[in-house]
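J.: Dropping the structure in here first, questions after.
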Amino acid sequence: MKQRIRTALDGSGPYLWAASFFAVLGALLATAQILSSDFVIWNGHCTTASEEGGIVFFQANGQEYTIDDVASPANSPTHTVTICYYPSHPQDAIIPHPAAYWFEGTLVVTPFLIALAILTVGLVIVPARMQRRRASFRL
């Protein structure tokens with residue numbers, strides 16, 4: 008049985024190491040994202056709020072809260088924005104930006120996709136090519 012596994016994985020060592028590297032990198036990036044303060048955009052409560060002059064006003068749990076929108080100019084007119092917060096800590100609300108969703112999601116998912124592609128090449132394509140090559144030498 009061990010010999011069959013060794014034969015199947017013959018020549019795939021570098022691919023396994025590279026895929027492992029990217030899987031660990033993806034796990035580290037996912038952990039960093041989970042521990043970051045802006046993870047609230049993924050699992051917190053998001054709602055609309057009113058912004059006027061760079062200050063965002065919203066209501067949570069029956070109380071009024073305000074946060075600063077540093078990206079908005081002080082003389083901006085009143086408009087609505089989306090805010091995300093944890094119900095237990097509404098004072099720590101953040102204003103998510105649409106690019107943040109895409110950037111953070113891509114940053115976490117990409118290493119796993121690269122690892123999957125490397126595994127596909129290393130465990131399927133390369134061994135099949137080596138097996139065809141060996142078969143052609145036997146003829």
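No gaps in the numbering here: position 131 of the sequence shown is 138 in the working numbering, and each next residue is one more. We put the beta carbon where it would ideally sit given N, CA and C, even for glycine. Just so it is clear, the structure is predicted and the values come from calculations on it, not from any experiment.
By how many angstroms is the C-alpha of N50 removed from the C-alpha of A78?
T.: Rounded to the nearest angstrom, the two C-alpha atoms are 23 Å apart.
J.: Quick check on G33: buried or exposed, where buried means 16 or more other Cβ atoms within 10 Å of its Cβ?
T.: Classification for G33: buried.
J.: Give me the residue from A100, A81, T85 with the minimum Cα distance to I74.
T.: Selected option, being the one with the closest Cα: A100.
J.: Mind checking whether T87 and S57 have CB atoms under 8 Å apart?
T.: Yes. Within cutoff.
J.: With respect to the alpha helix (DSSP H) encompassing S27, which residues constitute its N-terminal and C-terminal limits?
T.: Note, S27: alpha helix (DSSP H), 20 to 42.
J.: Would you decide whether G60 is buried or exposed? Buried here means 16 or more other CB atoms lie within 10 Å of its CB.
T.: The residue is exposed, with fewer than 16 neighbouring Cβ atoms inside 10 Å.
J.: Can you have a look at V63 and say buried or exposed, based on whether 16 or more other CB atoms are within 10 angstroms of its CB?
T.: Buried.
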